[in-house]
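Taken in order, these protein sequences are the chains called V and Z. As numbered in the numbering used here, residues 5 to 484 make up the first sequence, in order. As numbered in the numbering used here, residues 258 to 672 make up the second sequence, in order.
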Amino acid sequence: MDTREKDIEKLKDYKYGFTTDIENIKAPKGLNEDVIKFISNIKKEPQWMLDFRLKAYERLKLLKEPNWQKPKYPKIDYQDLYYYSAPKSMKDKPKSLDELDPKLLETYKKLGIPLQEQARLNGIAVDAVFDSVSVATTFKGELTKHGIIFCSMSEAIQKHPDLVKKYLGTVIPVTDHFFATLNSAVFTDGSFVYIPKGVKCPMELSTYFRINASQTGQFERTLIIADEGSYVSYLEGCTAPMRDENQLHAANVELIALDDAEIKYSTVQNWYPGDENGKGGIYNFVTKRGLCKGKNSKISWTQVETGSAITWKYPSCILKGDNSIGEFYSIAITNNHQKADTGTKMIHLGKNTKSKIISKGISAGFSDMTYRGLVDINSKAKNSSNYTQCDSLLMGNKCGAHTVPYIKNKNFDSNIAHEATTSKISEEQLHYCQQRGLNPEEAVGLIVNGFCKEVLQQLPMEFAVEAQKLVGISLEGSVG
Amino acid sequence: MNEQLQLDFDKIIKTLKISEKEIQLKKSFLKKFIENGFPNRKQEDWKFLDISQIIKKNIGELTFFNDYSLPNKIDASIFVDGLEHNKIIFINGRIEKIDFSYEDQSQIEINDEIGKNIRFDYENSLIDLNNAFTNKVYKILIKKNYSLKKPLIIYHSTNNKIRSKNVNLSLNFELEENSCLRLVDYFSDNTDKNFVNILYNFNLKKYSILKNYKLDKLRNNNLKYSFNNIEQDDNSISETFILSAGSDYFKNEVNCNLRGQYSSAFINGVFSLKENQQHEIRSTINHLVENTKSYQLIKSVLGKNSKSAYQGRIFVDSKAQKTDGYQLSKAILLDETSEFNAKPELEIYADDVKCSHGSASGSLNENSIFYLMSRGLNYQQSKELLINGFLLDVVEKITDSEIRNLVKNIIGLKE
């Protein structure tokens, strides 16, 4: 097989593995005050934003990388990374999509994300983030009509400083753990969503993240605020080119739901997982946290995790408002040498709060999957309840599946129920499917989709189809 | 504390008749303990109940030297009535009596094995402390094909000669092929504010059966830690039952290595806690070969200001196909100040296994209370009946009928 054929072969495995040849502006390598000032300066940020970053950086110097997680990784040299990389043509941000670099548009077309207005059919507003900056947001007009703010983080800092100042860092403070603090210091862009009082967002909002440049860390920051009585459904998707080196992705996502508001946050994470020998791939160390601040508010996380060399994230809900609800639905699939340590935290502070956790883990090849979750019912959280179910499916005896739930009940009025099972696909089920004409891979795909059904149902329609396909692709070659 | 440790250690070494090599070994354990100190909440295994804080709060400064030159008077009133049994009596950590009068003496061997400290392959500073300070380590060997006719009751008792002391004791058991031992640990204390540290090591050969019942029921203000290490060969069975109700603090750890095919381990536990009690059970079951089985059932009833924790870990090695592992923990919280913590952990590297765990906690079911009250019971009676039924479920798991009845009597459970 010549190299070209090999490349094509490789692409088949991970179809988003191409790179786009675009000129980039980068900050000098390394992490120091000057780089932070450079980022802040190039984004023309106000003084308070720079102060926020510097405060985080001061704090970062005191922090150590956590090491309690299951998947260990080689030490990251934080001085050997670029903390800012932007397509050159974006220096003066285009007013409309027509001015956008055609190469960029092409990239997003390859990814299957139509930025052009013909995407109207899909009815999804998209904010595309390329390397570190947001390149385009669609459907602006329609959204503005409802008073919804959906833009890049840097734009929000310029145009809506009051909102950003009020909420940024309230759920994930700058004094949080190492990666969250690193993000606070050097974050480059991300999405900002504000839904005004009583507005039900008429369409799905979506962000696509793409890491393109090499030796770059991606640090985006997303802030979603749902004001009283509002509703929003938000989707996030991610891909990256195939590279032999490991790349770091350390994002922060903050959700705030005020009285009677509901936020639904869905992720299909398909970062490059590395090749079959475990070389390369993204380190996905993300901090996602939602605050149900008001009464009767609801935050629901749905995630399909199929990519990344190492995934290490726990989308959490702080149920502060009385009667608030937190939900977490997750499918995590690891194959080859992928490692995932994921789960959620449900922290019950308010009265009558409810949470539900459904987690499905599938490991194949040489991979390792850990569900790690915390359910903490505070002594003041009267009459609260939690239900947790985490199931793991193992394929082969070279992989591992682990469950590490922490359960703390400090309130005698509250109930916690937890269940977990670990099993493999039964020979009978496989035999039954094959008897009816499916080949072994199709049979496994069918059974796995059934296993994941409870979670897939939670995804918005357009995403559910994609996710279902992704589940199949991720497990290719793991049977037989 | 470190000066005190060194001082007390030197005193103990003087009283011991052991070789220079053994002294060096003990010194190395002391050194390790001084380096690490008492475990605290920063260590994952001690996250829920921090022994270092509890010692500080409940006892203050501990001393470590106990004078074992003089015998203690044995108080016969502590003995269990209505059940013929063999005895080992510990008073303040000193072995006062070993009595196997019901047994065929040629089938049991008892040796002092002080020099043979057992090292475990994971960090636990309380084991280091135990290894450094124990003055006698007996090994009890049950010979091939012999089943003890009567159960062996080990009395752990303290009298008012000691206060703010750390007491360390250790025993080794070896069950040869096809032998059987029923072992009851019975705690009765006349003191308070001491820290008792118990280390047992069991070696189960093929087809042997160990039944270990730990009964801590009488209310006292001591702090206790017990560690059971159980190594299991082919077709061996271990059954552990823990009644955790008497002391201010009690942590029971069971580490079970299923090294032989068709071996099985059962751990059942009951927490019945009141005012200011803090108890914990931590179990680790390592399924290391094919066709092994483990079963765990832990139930808590938690009164005012009490706290219980259950950390259960099932590890399945990639070789251990056809493993069957089960874990269930349930808790009833009776008061708004009670607290239940659980960490049921699964770590699985083999695919053809059946492993599951469940955990549930909450208050007594109001509907059930209503049902009983509508049938003529008062509120208190209904509550007691429900708790009775809740705990009976675990006690029924005790396979030995004599001991089962003993436990029922001790807790006051009715059928």
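Heads up, the beta-carbon is just placed ideally off N, CA and C, and yes, glycines get one too.
request  = Please decide whether Ser418/V counts as near chain Z, where near means a Cβ-Cβ distance under 8 Å.
outcome  = It does: the Cβ of Ser418/V has a partner Cβ on chain Z nearer than 8 Å.
ask   = Where do the ends of the alpha helix (DSSP H) carrying Phe647/Z lie?
value = Residues Tyr636 to Val652.
ask   = Is the segment 430 to 440 of chain V touching the segment 395 to 405 of chain V in the sense that three or more CB pairs, one from each, lie closer than 8 Å?
value = Counting Cβ pairs under 8 Å, fewer than three are found: no touch.
query = So the beta strand (DSSP E) Asn45/V belongs to, where does it begin and stop?
reply = Counting along the chain, Asn45/V falls outside any beta strand (DSSP E), though it belongs to the alpha helix (DSSP H) covering Glu37 to Ile46.
message = So, at 7 Å on beta carbons, what are the nonlocal neighbours of Gln438/V in its own chain, with the 5 sequence-adjacent residues on each side left out?
response = Cβ within range, chain order: Pro444 and Ala447.
message = Quick check on His422/V - is its C-beta less than 8 Å from some C-beta in chain Z?
response = True, the Cβ-Cβ gap to chain Z drops below 8 Å.
message = Run through the DSSP bridge pairs and tell me what Ala313/V is partnered with.
response = In the DSSP output, where bridge partners are listed per residue, Ala313/V has none listed.
request  = Given a cut-off of 8 Å, decide if Ala522/Z and Gln568/Z are closer than it, judged by their beta-carbon atoms.
outcome  = In this structure, the beta-carbon distance from Gln568/Z to Ala522/Z does not fall below 8 Å.
task = Quick one: measure Cβ to Cβ for Lys302/V and Ser328/V, integer angstroms, because I've assumed they're closer than 8 Å.
result = About 7 Å separates the beta carbon of Lys302/V from that of Ser328/V, a gap short enough to meet the 8 Å contact definition.
key: 8 Å Cβ cut-off: residues of chain Z touching Thr409/V   = The amino acid at residue 409/V is misidentified as Thr; the sequence shows Pro. The contacting residues are Ala599, Lys600, Pro601, Glu602 and Ser616.
message = Determine whether the beta carbon atoms of Phe507/Z and His536/Z lie at a separation below 8 Å.
response = Contact flag set, yes.
ask   = Does Ser639/Z get closer than 8 Å to chain V when you measure Cβ to Cβ?
value = Ser639/Z does not count as touching chain V.
task = Whole angstroms is fine: what's the gap from Leu475/Z's alpha carbon to Glu532/Z's?
result = So the alpha carbons of these two residues sit roughly 14 Å apart.
message = Quick check: what's the CA-CA separation for Lys561/Z versus Asp505/Z?
response = Near 13 Å, if we compare the C-alpha coordinates of Asp505/Z and Lys561/Z.
request  = List the residues of chain Z whose Cβ lies closer than 8 Å to the Cβ of His406/V, in chain order.
outcome  = His406/V reaches chain Z at Glu602, Leu603, Glu604 and Ile605, counting residues in chain order whose Cβ is nearer than 8 Å.
query = Any Cβ of chain Z within less than 8 Å of the Cβ of Ile322/V?
reply = Not closer than 8 Å to any Cβ of chain Z, the Cβ of Ile322/V fails to qualify, so no.
key: Beta-carbon proximity of Ser358/Z to Lys400/Z, cut-off 8 Å   = For Ser358/Z and Lys400/Z, no; Cβs fall outside 8 Å.
key: Beta carbon proximity, Trp303/Z to chain V, threshold 8 Å   = Trp303/Z does not count as touching chain V.
key: Beta carbon proximity, Asp719/Z to chain V, threshold 8 Å   = Look at the range of chain Z in this structure, 258 to 672, and you will see that residue 719/Z is not part of it.
message = If you measure between the beta carbons of Val394/Z and Val527/Z, is that distance less than 8 Å?
response = Remark: C-beta atoms of Val394/Z and Val527/Z do not approach each other more closely than 8 Å.
ask   = Which same chain residues, not among the five before or five after Lys611/Z, have their C-beta less than 6 Å away from its C-beta?
value = Excluding residues within five positions, the ones whose Cβ falls inside 6 Å are Asp581.
ask   = Which residues, in chain order, does the segment 351 to 372 of chain V contribute to contact with chain Z at a C-beta distance below 7 Å?
value = Against chain Z - using a Cβ distance shorter than 7 Å - the segment 351 to 372 of chain V contributes no residues.
key: Reference Thr192/V, options Asn45/V, Tyr391/V and Phe455/V, closest by Cα   = Nearest C-alpha to Thr192/V among Asn45/V, Tyr391/V and Phe455/V: Asn45/V.
ask   = Is the segment 339 to 347 of chain Z touching the segment 468 to 487 of chain Z in the sense that three or more CB pairs, one from each, lie closer than 8 Å?
value = Contact between the segment 468 to 487 of chain Z and the segment 339 to 347 of chain Z is absent, with fewer than three C-beta pairs closer than 8 Å.
key: Start-to-end residues for the beta strand (DSSP E) that takes in Phe416/V   = Careful: Phe416/V lies outside any beta strand (DSSP E) and carries neither H nor E.
ask   = Contact check, Lys355/V vs Asp380/V under 8 Å by CB: the rounded distance?
value = With a Cβ gap of about 15 Å, Lys355/V and Asp380/V do not count as contacting.
task = Can you tell me which of Glu266/V, Tyr436/V and Tyr87/V puts its alpha carbon nearest to the alpha carbon of Ile571/V?
result = Limits of chain V in this structure are 5 at one end and 484 at the other, which puts residue 571/V out of reach.
Neighbouring residues, chain Z, relative to Leu479/V (Cβ below 7 Å) = Counting only Cβ-Cβ distances below 7 Å, Leu479/V has no contacts in chain Z at all, with the closest Cβ about 14 Å away.
query = Which full runs of the alpha helix (DSSP H) of 4+ residues lie inside the segment 455 to 542 of chain Z, going along the chain?
reply = At a cut-off of 4 residues, not a single continuous stretch assigned as alpha helix (DSSP H) sits fully inside the segment 455 to 542 of chain Z.
query = Leaving out five residues before and five after Tyr82/V in sequence, what residues of the same chain have Cβ atoms less than 6 Å from its Cβ?
reply = A distance below 6 Å between beta-carbons, with the five flanking residues on each side excluded, links Tyr82/V to the following residues of its chain, in chain order: Leu35.
key: Close Cβ partners of Tyr1/V (< 7 Å) along its chain, the five nearest in sequence each way excluded   = Outside the shown range of chain V (5 to 484) lies residue 1/V, about which nothing can therefore be said.
Where Asp361/Z sits in the DSSP three-state scheme = Taken through DSSP and simplified to helix, strand or coil, Asp361/Z comes out as coil.
message = By alpha-carbon positions, which one of Lys314/Z, Pro328/Z, Arg632/Z and Lys271/Z ends up nearest to Ser421/Z?
response = Ser421/Z has its Cα closest to that of Lys314/Z, out of Lys314/Z, Pro328/Z, Arg632/Z and Lys271/Z.
ask   = Could one say the Cβ of Lys349/V lies closer than 8 Å to chain Z's Cβ atoms, at least one of them?
value = For Lys349/V, the answer is no, since every Cβ of chain Z falls outside 8 Å of its Cβ.
inquiry  = For the beta strand (DSSP E) containing Thr338/V, name the first residue and the last one.
reply    = It spans Ile329 to Thr338 - the beta strand (DSSP E) in which Thr338/V sits, taken as one unbroken run.
ask   = Is the number of C-beta pairs between the segment 198 to 209 of chain V and the segment 150 to 157 of chain V that are closer than 8 Å three or more?
value = The segment 198 to 209 of chain V is in contact with the segment 150 to 157 of chain V.
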